[in-house]
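The block underneath contains the structure these notes are about, expressed in structure tokens.
Here it is, written out as structure tokens:
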């Protein structure tokens, strides 16, 4: 199965001023063709470093994509270096030069002489048109002699025989130039060259259970199998399980394994690849025609903000109160002064009164109340930092959960709101 | 001058599902010590690829930082591979294991046996404590024999003599674990080991003005100078200006240039490197003993959430109402039905009534009201998607700003809340 290395060039990437998002655009699209990205390298505007990265990539990958460095300045070394490495002469392409001149004429701007270097094309290269900038992309096939490699670890390396057939693609750095070029010219080229092998990818997103537990639940399904890959990606309170099958029968195998994984994971699965927990909850509220209001103290508005990030939430989310002070809890949510005095703001009874109070006041099906100690200060031995009570009041009564979330303030808020959202999700499952 | 290579590991990075932001955190901080990042490599959970990347990096860089792969699952190969490459045995560190056990005990969750592998420490390694996760970081010094390299281009390569002294640092993958560890343990270690060449770095953070304008305001100060670097980093509604001076006299020069930059940029500067706009606003509210309440519609709780992310905000932030429905605007903020009927919810008069209403009701010095159309749906020719009115009511009266923010929903919310926060900041400047 074909693999790819992506080489990005640019000092602004090495200085950390710009985030390299090219892999995030390119890799999933290659994945849909069954091409795996196996390495990503970022080098500066340095000829030796670029030559080294490209020549190594040609040893390891069927497809080598280089982004950036196609500009007109002396920092832009890609075209030159790759042409020299592959032993191709550069010649000025008249069509490309004419198109560049038109771009400047249309903007009524004089074309700096240096720009003409962007019309240099290596022998035998295919030009990939750039509709959003001056430098075209370039695609070249290359035959490469395999170098002998020694394994650095105890296990041996596979040996390669025969000349390696490679495809090298050079793309402009700015995302708004690279992205359309990739979709309109690179993807069709890859399909035409037969790079696509069927691969099936399924993602199950789970909530509330740690990564090692999730892995324990499913890894025996693929143990020792060479035709399946299982991967995990963990964030606070969420674990994605990613299944990839290949070859003939990939779909059938993916269906079978997905069904078995769902049976084992059960209701900790909340959605698929593009689902945030809030998307799923809002979707289910809309589906069951239920409404929601929230009374948050320590999560400070994050729960309301997450819900309102979802398009369509205005049909189901009526109001949120960030009752940061005890006065606000009493005046606007209806928590009794006695409860605050007897149990304290961070307590099971006050969480309950927040949820039931906001539900009654706004007149919604569900009300959520959250009260806790986000930290870093404010904890006591009896009520430590990280303590939080989350209550969900609904038609069938009120549920209150107690948790200790030891994170920095922002992760604490995220995990507490996750739990609140998950409680709504589960309550709707039994609707 | 010392250089660094960053190696990130993780299949989710190669699949393009997660953006690699570690260079963006690490590189500027290394830059302040005069350490340049010269290559960034991303590999998968593949032992051979990891070994290859690390061994090459050891040839090229004084400092090698590896991020990720310190988890407890079979995908996590970093510790093992690096230990094997450097010829170090792994031993279970009792202190580290005890600390991990405490984390699980406090949450009243059973510790999976597999987690114990995170307490394995290579011989001679320094443990870097992790206050936000289970796996500690590790730092090791290594002596490496230089390998002979052949130049791939016409120009020759410099030749190295003698054993290479290297520092290898392994850090956990999740940003909220890596970032504090880097600041609290890696930066001091680098300073103590003498990696810092005197370089002075000043960062001015500005709000509300585009990058090219900011650059125009200050670039003439450094034109043609070799002893100064000026860089810009832009996010929606914010531009950081970064000044780096080196060598003898670096401090004096930085002071002089910073003063001249401040004179030119004026009050678009809101803070320094570690200041978010909300940190500055809360600090100023505390300083001037002023209180604040918010009534947000389209920003859905993000404003309250940003304010409450700041430690100490409970002393100045009293309440926030997310009045997503018109009923909520009327019942809980006091907006008049007539205003809603005559002007519509998204209008200057309603924004004013939101700000003045919440200020009156909660009894704070300042009240903020925000109403707008976040999109993607809901726009009309007269009131397009992106239209937002932001009002600030205070002791000296009410200010209302009208903007059009054409972004996806989440960026719209961020920019609208930025503007609200900046209005408070400016109102406090004239306190």
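Chains as they are written, first to last, in the working numbering: chain A, 1 to 431; chain B, 432 to 862. From the three backbone atoms N, C-alpha and C, an ideal C-beta is built for every residue, glycine too.
Using DSSP with H/G/I as helix, E/B as strand and the rest coil, what is residue i?
i	result
residue 542 of chain B	coil
residue 395 of chain A	coil
residue 370 of chain A	strand
residue 193 of chain A	coil
residue 636 of chain B	strand
residue 387 of chain A	strand
residue 240 of chain A	strand
residue 122 of chain A	strand
residue 676 of chain B	strand
residue 697 of chain B	helix
residue 232 of chain A	strand
residue 178 of chain A	helix
residue 656 of chain B	coil
residue 296 of chain A	strand
residue 508 of chain B	coil
residue 137 of chain A	strand
residue 702 of chain B	strand
Quick one: does residue i have its CB under 9 Å from some CB of chain B?
i	result
residue 41 of chain A	yes
residue 317 of chain A	yes
residue 240 of chain A	yes
residue 321 of chain A	yes
residue 390 of chain A	no
residue 353 of chain A	no
residue 93 of chain A	no
residue 407 of chain A	yes
residue 213 of chain A	yes
residue 278 of chain A	no
residue 289 of chain A	no
residue 313 of chain A	yes
residue 324 of chain A	yes
residue 370 of chain A	no
residue 404 of chain A	yes
How about residue i and residue j: do their beta carbons lie closer than 9 Å?
i	j	result
residue 311 of chain A	residue 676 of chain B	no
residue 195 of chain A	residue 33 of chain A	yes
residue 430 of chain A	residue 405 of chain A	no
residue 173 of chain A	residue 755 of chain B	no
residue 436 of chain B	residue 488 of chain B	yes
residue 253 of chain A	residue 218 of chain A	no
residue 136 of chain A	residue 96 of chain A	yes
residue 524 of chain B	residue 500 of chain B	no
residue 316 of chain A	residue 340 of chain A	no
residue 386 of chain A	residue 375 of chain A	yes
residue 612 of chain B	residue 562 of chain B	yes
residue 280 of chain A	residue 425 of chain A	yes
From the beta carbon of residue i, is the nearest beta carbon of chain A less than 9 Å away?
i	result
residue 561 of chain B	no
residue 796 of chain B	no
residue 596 of chain B	no
residue 704 of chain B	no
residue 731 of chain B	yes
residue 573 of chain B	no
residue 694 of chain B	no
residue 725 of chain B	yes
residue 844 of chain B	yes
residue 808 of chain B	yes
residue 788 of chain B	no
Residue i and residue j look like a contact to me (Cβ under 8 Å); what is the Cβ gap, rounded to whole Å?
i	j	result
residue 620 of chain B	residue 570 of chain B	6 Å
residue 378 of chain B	residue 468 of chain B	Past the edges of chain B, shown from 432 to 862, lies residue 378 of chain B, and the structure says nothing about it.
residue 635 of chain B	residue 659 of chain B	At roughly 14 Å, the Cβ-Cβ gap does not stay under 8 Å, so residue 635 of chain B and residue 659 of chain B are not in contact.
residue 421 of chain B	residue 784 of chain B	Residue 421 of chain B cannot be examined here, being either before or after the span of chain B that is shown, 432 to 862.
residue 144 of chain A	residue 59 of chain A	7 Å
Quick one: is residue i near chain D, going by C-beta distance under 9 Å?
i	result
residue 632 of chain B	Judged by its chain identifiers, the structure shown contains no chain D, and its protein chains are A and B.
List the residues that DSSP assigns as beta-bridge partners of residue i.
i	result
residue 3 of chain A	A:36
residue 596 of chain B	B:574
residue 8 of chain A	A:42, A:67
residue 445 of chain A	Nothing about residue 445 of chain A can be read from this structure; chain A reaches only from 1 to 431.
residue 92 of chain A	A:120
residue 319 of chain A	A:293
Less than 8 Å separating the Cβ of residue i from some heavy atom of the ligand NAP?
i	result
residue 134 of chain A	Ligands in the displayed structure: none, and consequently the ligand NAP is not present.
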